[in-house]
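Counting with the working numbering, you get residues 24 to 505 for the letters of the sequence shown.
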Amino acid sequence: MPPRRTSGSRNPVRLAGSDDSDEPNVFPRAEDRLPGRRRGRCSSAGAADSGVTGDSRARTRRSRTRSFSNRSARSTVRAPGRGWLTRRRRYGRRPASPPTRGTAGRRVHSAGIQRSSRKQWVNDSVKSVRHLPGSTTRQGVPLDGNATTTHRNVALLSVATTMAPRVTTSDEIDARLAPALKRLRLPTGLLQRVAGVYERRNWDSEQDFDGAAIEAGRRALAEAGIRPDQIGLIINTSVTRKHLEPSVAVRLHHGLGLPSSAINFDIANACLGFVNGMTLAAQLIDAGQIKYAMIIDGEDADEIQVNTIERLKREGMSRTDFMSEFASLTLGSGAAAAILGPADAHPQGHRLLGGITRAATQFNELCVGSVDGMFTDAKALLKGGMELVVSAWKEAKRDWNWGKMDRYITHQVSSVHTNGLVKAVGLDKTRVPTTFGTLGNVGPASIPITLAQEAPTLKQGDRVLLMGVGSGINTAMLEIAW
């Protein structure tokens with residue numbers, strides 16, 4: 024075998040203390056490479072056998088050690104996008120800094136470079152980086168992509184609802200808006216023809232949304248066969264709230280008699296909150312942090328509708344103002360609750376398989392709700408929402424086979440949104456049940472209410488996909504094996 028050569032030297036470097044084998048010791052031992060550090064002096068007998076005196080052998084060893092220490096061993100490394108770079112390793116000294124490029128493009132050795140700069144040099148050397156969904160490019164431009172979640176051992180044990188008793192028809196709202204419609208020269212029946220909403224429900228004066236949510240939670244516990252003291256987490260997803268703090272969840276926690284060990288908080292993500300809550304609770308169950316979770320929601324649209332109607336009747340309101348608040352007239356009231364638990368302990372449950380989420384937050388001003396009302400750019404919101412859902416659907420095809428589900432439980436906004444979604448994604452309309460016609464848009468509660476109404480028609484083995492959209496805009500899809 025030919026002797027090994029070090030990069031940058033014409034002849035192999037043979038160190039003191041190495042044997043005469045074909046493979047020389049290129050890298051010195053500590054005692055050989057540091058000047059002044061020597062092993063024990065050779066005995067006179069050893070020197071006599073080698074034909075070299077002890078003093079001359081020591082001088083030779085010191086000379087070779089100094090020569091190697093002063094000479095830099097060079098090694099070449101491949102830096103993607105930068106070609107072959109030479110990096111120096113100095114033995115017996117503090118490691119040298121990585122090379123940098125000068126303004127003229129030549130390699131310059133920067134002895135005073137700091138550690139943070141070394142890291143930057145390594146990062147800049149890498150030309151191609153695999154970006155995960157949610158990351159950004161070097162220019163700070165967000166990259167598109169879905170966030171995918173899978174669940175291993177989570178089942179939906181029950182879903183229950185509380186329906187508001189008082190029915191308010193769209194004809195009644197038209198009658199209350201008659202002066203405004205006449206002044207603005209708008210026809211009656213817009214809610215029916217444009218939105219497909221004929222009725223919505225509201226609570227009686229003696230009932231409120233959180234009381235209705237507590238009732239739905241108790242019914243869900245009974246259907247699941249779970250005691251209140253077994254619940255380890257309750258997530259409230261209501262858009263409706265009586266005050267900014269404390270959370271709505273604390274009232275529901277107390278009203279349901281849950282244990283002090285049960286975690287409780289609100290998730291506020293517009294109409295997408297319930298699906299987000301299910302996903303988060305499922306992750307905690309899979310992680311073994313909790314055993315049972317309740318996701319709960321109660322909505323009250325009565326006050327916002329009364330305020331909207333009174334505002335639209337004012338003399339100064341224009342057609343643009345009317346249409347920006349039109350969506351508020353489609354809202355309805357209701358409550359729902361669902362229980363999640365470990366699938367292996369409940370084989371009769373409906374397994375949560377997983378799903379995706381995707382954001383398009385550049386549309387965060389298209390639908391804004393406040394204590395004064397909800398103001399919507401309906402046309403732009405529809406367009407942005409459809410684009411978001413379609414892009415999420417197309418990318419999800421790589422991981423999920425959602426083309427032929429038995430049911431698609433979509434967010435209940437209006438006939439325009441539902442028909443647009445069916446056409447854009449290519450769904451079978453007969454498998455897309457709707458409730459907005461008689462219940463209106465019940466916000467985050469619309470998906471669990473629709474699922475609860477559809478449950479009697481589902482059989483074991485059916486595949487169900489929850490498809491939520493929330494203003495902002497966000498979308499989430501969650502598959503359930505019934």
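Where is the CB? At the ideal position from N, CA and C, for every residue including glycine.
Host alpha helix (DSSP H) of residue i (start-end)
i      : result
ASN330 : 325 to 335
GLU477 : 469 to 477
ARG430 : Premise fails: ARG430 lies in the beta strand (DSSP E), 430 to 433, not in any alpha helix (DSSP H).
MET301 : 296 to 309
GLU322 : Note, GLU322: premise wrong, no alpha helix (DSSP H); beta strand (DSSP E) at 315 to 322.
GLU524 : Any question about residue 524 goes unanswered here, given that the chain covers just 24 to 505.
ALA201 : 201 to 207
VAL275 : Before going on, a small fix: residue 275 reads as Leu here, not Val. From DSSP, the alpha helix (DSSP H) with LEU275 extends over 271 to 278.
Residue i versus residue j - alpha carbon distance
i      : j      : result
ALA291 : SER261 : 7 Å
ARG199 : ALA235 : 28 Å
ASN464 : GLY255 : 30 Å
ALA170 : ILE496 : 15 Å
ILE503 : TRP425 : 11 Å
GLN306 : ARG242 : 24 Å
ASP197 : GLY355 : 16 Å
GLY204 : THR331 : One detail in the question is off: residue 204 reads as Leu in this sequence, not Gly. Answer to the nearest angstrom: the Cα atoms are 14 Å apart.
THR353 : GLY466 : 10 Å
ILE379 : ASP429 : 19 Å
ARG264 : VAL492 : 20 Å
LEU207 : ARG421 : 50 Å
PHE398 : LEU244 : 37 Å
VAL190 : GLN215 : 15 Å
VAL487 : MET317 : 20 Å
HIS277 : ASN259 : 13 Å
ARG381 : LEU295 : 11 Å
GLU333 : GLU477 : 36 Å
THR498 : LYS406 : 14 Å
LYS529 : TRP423 : Residue 529 lies beyond the range of the chain shown here (24 to 505); nothing can be said about it.
Opposing strand residues paired with residue i [DSSP bridges]
i      : result
GLU222 : THR192
VAL182 : ALA361
VAL287 : According to the sequence shown, residue 287 is Asn rather than Val. Looking at the DSSP assignment, ASN287 forms a beta bridge with ILE257.
GLY378 : THR172 and LEU501
VAL465 : Paired residues: none, contrary to the question.
ASN292 : CYS294
VAL177 : PRO365
Where the beta strand (DSSP E) through residue i begins and ends
i      : result
VAL492 : 486 to 493
VAL391 : 390 to 393
Three-state secondary structure (DSSP) of residue i
i      : result
ASP400 : coil
HIS373 : strand
LEU481 : coil
ASN387 : coil
ASN442 : helix
LEU507 : Given a span of 24 to 505 for the chain in the structure shown, any question on residue 507 remains unanswerable.
VAL455 : coil
GLN215 : helix
SER347 : helix
ASP422 : coil
PRO251 : helix
Cβ of residue i within 8 Å of any chain C Cβ
i      : result
LEU363 : Reference to chain C is not applicable here, since this structure consists of a single protein chain.
Nearest-angstrom Cβ-Cβ length linking residue i and residue j, presumed shorter than 8 Å
i      : j      : result
GLY219 : SER437 : 6 Å
VAL413 : ALA447 : 5 Å
LEU450 : MET409 : Actually they do not touch by this definition, with Cβ atoms about 13 Å apart.
LEU501 : THR302 : 6 Å
ASN387 : ASP325 : Wrong, their Cβ atoms sit about 27 Å apart, outside the cutoff.
ALA285 : ALA239 : With 8 Å as the limit, ALA285 and ALA239 do not qualify as a contact, their Cβ atoms being about 17 Å apart.
SER270 : PHE297 : Going by Cβ atoms, the distance from SER270 to PHE297 rounds to 16 Å, so no, they are not a contact pair.
TYR315 : GLY364 : 5 Å
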